[in-house]
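**Q**
Protein chains in written order, with this note's numbering: chain A, 1 to 259; chain B, 1 to 335.
#1: Where does residue 216 of chain B fall in DSSP's three states?
#2: Using a C-beta to C-beta distance shorter than 9 angstroms, which residues of chain A count as neighbours of residue 289 of chain B?
#3: With a threshold of 8 angstroms between beta-carbons, can residue 73 of chain B be considered close to chain A, or not?
#4: Could you tell me whether the segment 204-218 of chain B touches the segment 166-185 of chain B, using the rule of 3 or more Cβ pairs below 8 angstroms?
#5: I'd like to check one pair, residue 70 of chain A with residue 40 of chain A: are the Cβ atoms closer than 8 angstroms?
#6: Using 8 angstroms as the threshold, is the segment 316-335 of chain B in touch with the segment 75-94 of chain B, meaning 3 or more CB pairs across them?
#7: Could you give the residue range of the beta strand (DSSP E) that holds residue 79 of chain A?
#8: For a contact defined as C-beta to C-beta under 9 angstroms, what are the partners of residue 45 of chain A on chain E?
#9: May I ask which residues mark the beginning and end of the alpha helix (DSSP H) holding residue 173 of chain A?
#10: Please name the residue, chosen from B:45, B:234 and B:51, that lies closest to residue 302 of chain B on a Cα-to-Cα basis.
#11: Would you say residue 43 of chain A and residue 61 of chain A are within 8 angstroms of each other, going by their C-beta atoms?
#12: Which chain A residues sit within Cβ distance under 8 angstroms of residue 46 of chain B?
#13: State the CB to CB distance for the pair residue 36 of chain B and residue 70 of chain B, rounded to an integer number of angstroms; the pair is presumed to be in contact (CB under 8 angstroms).
#14: Just the chain B side, please: which residues come within less than 9 angstroms of residue 93 of chain A by C-beta, in chain order?
#15: Given a cut-off of 8 angstroms, decide if residue 195 of chain B and residue 164 of chain B are closer than it, judged by their beta-carbon atoms.
#16: Would you please verify whether the beta carbon of residue 184 of chain A is less than 8 angstroms from any beta carbon of chain B?
#17: If you draw a straight line from the C-alpha of residue 328 of chain B to the C-alpha of residue 132 of chain A, how long is it?
#18: For residue 129 of chain A versus residue 161 of chain A, is the C-beta spacing smaller than 8 angstroms?
#19: Can you list the residues of chain A that residue 24 of chain B reaches, using a CB-CB cut of under 7 angstroms?
#20: Below 8 angstroms between beta carbons: does that hold for residue 158 of chain A and residue 186 of chain A?
#21: For residue 28 of chain B, is the classification buried or exposed, using 16 other Cβ atoms within 10 angstroms of its Cβ as the cut-off for buried?
#22: Since residue 20 of chain B contacts residue 47 of chain A with CB under 8 angstroms, what's their CB separation in whole angstroms?
#23: Would you be able to state if there are at least three C-beta pairs under 8 angstroms between the segment 222-242 of chain B and the segment 269-288 of chain B?
#24: Between residue 111 of chain A and residue 123 of chain A, how many whole angstroms is the CB-CB distance? I'm expecting something under 8 angstroms.
#25: Counting pairs of beta carbons, one from the segment 205-216 of chain B and one from the segment 145-163 of chain B, are three or more of them closer than 8 angstroms?
#26: I'd like to know whether the C-beta of residue 233 of chain A is nearer than 8 angstroms to at least one C-beta of chain B.
#27: Just the C-alpha distance for residue 86 of chain A and residue 140 of chain A, rounded to the nearest angstrom, thanks.
#28: Of all the alpha helix (DSSP H) runs that stay within the bounds of the segment 224-287 of chain B, which reach a length of 4 or more residues?
#29: What does the alpha-carbon distance come out to for the pair residue 138 of chain A and residue 219 of chain A?
#30: Under 8 angstroms between the Cβ atoms of residue 249 of chain A and residue 18 of chain B?
#31: Would you mind sorting residue 113 of chain A into buried or exposed? The rule is 16 or more other CB atoms within 10 Å of its CB.
#32: On the three-pair Cβ rule with 8 angstroms, is the segment 301-319 of chain B touching the segment 247-257 of chain B?
#33: Below 7 angstroms on C-beta distance, what does residue 226 of chain A contact in chain B?
#34: Would you list the residues sitting across from residue 188 of chain B in a DSSP beta bridge?
#35: Taking residue 117 of chain A and residue 166 of chain A to be in contact with their CB atoms under 8 angstroms, please state how far apart those CB atoms are, rounded to whole angstroms.
#36: Please confirm whether residue 32 of chain A has its beta-carbon closer than 8 angstroms to some beta-carbon of chain B.
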């Protein structure tokens with residue numbers, strides 16, 4: 001079985017089960033929102049300063065994998081996205097770190113009134129979302145029999161998601177999105193030998209941000225099959241404990257199969 | 001068609017432009033040389049064994065300063081590790097917040113003996129499951145033949161102050177006692193006292209200790225507790241016995257009813273407790289002891305270790321055959 005067959009059967013299986021599993025209504029009309037299942041691969045450059053371990057900047061290439069499922073309902077689009085990134089080549093000069101990032105995001109997007117931009121139709125969607133974001137950093141600066149340098153952060157967030165679709169031609173769109181958290185329940189590794197600070201806190205926009213911005217063109221190969229290449233910028237900032245600041249620039253390739 | 005290529009080109013430019021670098025920036029200052037100077041000076045000022053170990057610390061400065069100057073960012077940790085390793089001291093470590101304590105050096109006798117002991121093999125000599133104290137610091141029970149056994153795994157916090165009295169109460173009617181300290185564990189002086197004072201029948205002078213060359217003046221150890229254990233005691237030691245475990249052994253060896261059996265301990269006698277942790281200008285920290293603690297013969301046990309009264313060598317191969325020759329020797333002594 002080649003990859004295309006695999007993805008096809010995966011899409012068929014998901015289309016059979018996801019609706020009933022998640023208790024969603026079936027789709028009832030076509031929209032510009034790319035429904036169906038999307039597989040993404042991204043490659044980009046990543047930088048992080050995790051002051052729990054070091055004030056130094058670590059950077060390198062962090063591959064990105066994602067799967068998204070989106071389903072149109074009567075007055076909203078439901079979407080569920082899982083993404084994962086891992087690299088053991090995030091470096092500060094001659095010292096490296098292993099970085100793992102995982103996100104589980106679900107959201108509801110409501111269509112706002114269509115508007116015209118440079119004589120072309122533009123569609124804006126806006127809605128609430130919830131997200132679980134996990135970050136783990138295993139730094140290769142401390143090798144000993146029992147100890148090693150590690151740090152983690154976890155955000156369970158409520159936020160906002162928005163998408164913009166700009167229809168250039170029938171089979172070609174420019175798409176953009178902006179997702180960000182508004183408030184979160186945050187968890188962070190703390191050093192109990194130096195502080196009695198709680199590892200769990202309620203965080204607001206002031207103390208924690210997790211922002212994903214994308215922009216790029218989508219081309220429809222078929223009515224239900226499209227490809228997209230986008231620029232993705234991901235920013236994570238947590239200031240309530242030892243500061244964590246990470247950002248990445250990515251080029252993301254997406255294959256979407258609608259059903 | 002040109003328009004199709006225009007946007008990807010713009011995207012590529014954005015990618016190359018690297019927004020991430022506008023957000024995540026290099027630290028404003030690099031304190032690697034200042035950290036090196038502080039670490040070198042701290043060791044030069046307080047570490048008690050530079051002469052004993054015949055380390056030319058000035059020459060270390062000339063070797064490591066260029067490395068510190070050349071180190072970029074966290075590469076300095078590699079310089080710091082090598083610098084501290086020059087002391088060949090099992091107590092010395094550097095610390096990152098996420099990394100805990102990183103020891104650049106372990107005593108060679110620890111490597112020799114680290115697999116020459118197994119609690120699973122020890123348990124085979126009992127006809128019942130061993131008891132554990134609440135903190136799981138002490139494992140103890142009575143061996144066939146009414147011989148008491150207690151494995152002391154940790155001298156930290158107040159574990160032994162709190163729990164050793166209960167252990168000894170359980171074992172007080174045995175005809176002999178084995179104290180097993182064959183693990184690399186450090187700890188606090190007050191826990192050492194809590195153990196050794198239960199075996200004294202009269203005051204015992206303390207071994208010498210010096211802080212920055214000044215000798216400690218402390219009253220002798222005194223017997224304490226509801227009863228004193230005066231029947232024969234064997235202390236089991238090996239190359240993994242370290243620091244507080246060695247301290248306990250050295251004191252107990254002075255008592256006529258105590259015999260140390262096994263192999264020479266790891267050899268770490270520098271002290272200082274929490275005050276040994278020293279913060280460098282960047283916030284990194286290093287552990288450098290400043291108290292020179294001596295054996296009763298006047299020598300430090302740093303590097304030298306505490307030799308047993310009766311040497312019984314044991315290897316990993318013995319353990320793999322299911323035998324603990326050191327424990328067997330102790331049992332035979334106390335039968």
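Even glycine gets a Cβ: it sits at the ideal position worked out from N, Cα and C.
**A** This is what the structure holds:
#1: coil
#2: Result: empty, since nearest Cβ-Cβ is about 18 angstroms, beyond 9 angstroms.
#3: yes
#4: no
#5: no
#6: no
#7: 77-92
#8: Structure shown: chain E not included; protein chains present are A and B.
#9: Per DSSP, residue 173 of chain A belongs to no alpha helix (DSSP H); it is in the beta strand (DSSP E), 172-188.
#10: B:51
#11: Contact flag set, yes.
#12: Those do not exist, as residue 46 of chain B stays about 21 angstroms from chain A at its closest Cβ, beyond 8 angstroms.
#13: The C-beta distance from residue 36 of chain B to residue 70 of chain B rounds to 11 angstroms, too long to fall under 8 angstroms, and the pair is not in contact.
#14: 71, 72, 73, 74 and 75
#15: yes
#16: With a threshold of 8 angstroms between beta carbons, residue 184 of chain A makes no contact with chain B.
#17: 56 angstroms
#18: yes
#19: 47, 48, 49, 57, 245, 246 and 247
#20: Not closer than 8 angstroms, so no.
#21: exposed
#22: 5 angstroms
#23: Per the Cβ contact rule, the segment 269-288 of chain B is not in contact with the segment 222-242 of chain B (fewer than 3 Cβ pairs under 8 angstroms).
#24: 7 angstroms
#25: The answer is no - the segment 145-163 of chain B does not touch the segment 205-216 of chain B, with fewer than three Cβ pairs under 8 angstroms.
#26: Yes, because at least one Cβ of chain B sits closer than 8 angstroms to the Cβ of residue 233 of chain A.
#27: If you draw a straight line from the Cα of residue 86 of chain A to the Cα of residue 140 of chain A, it comes to about 15 angstroms.
#28: 244-252
#29: 39 angstroms
#30: yes
#31: exposed
#32: yes
#33: Ordered by position in chain B, no residue passes the 7 angstroms Cβ test against residue 226 of chain A, which lies about 15 angstroms from the chain.
#34: Residue 188 of chain B is not bridged to any residue.
#35: The Cβ separation is near 6 angstroms, so the contact holds.
#36: Not one chain B Cβ lies under 8 angstroms of residue 32 of chain A.
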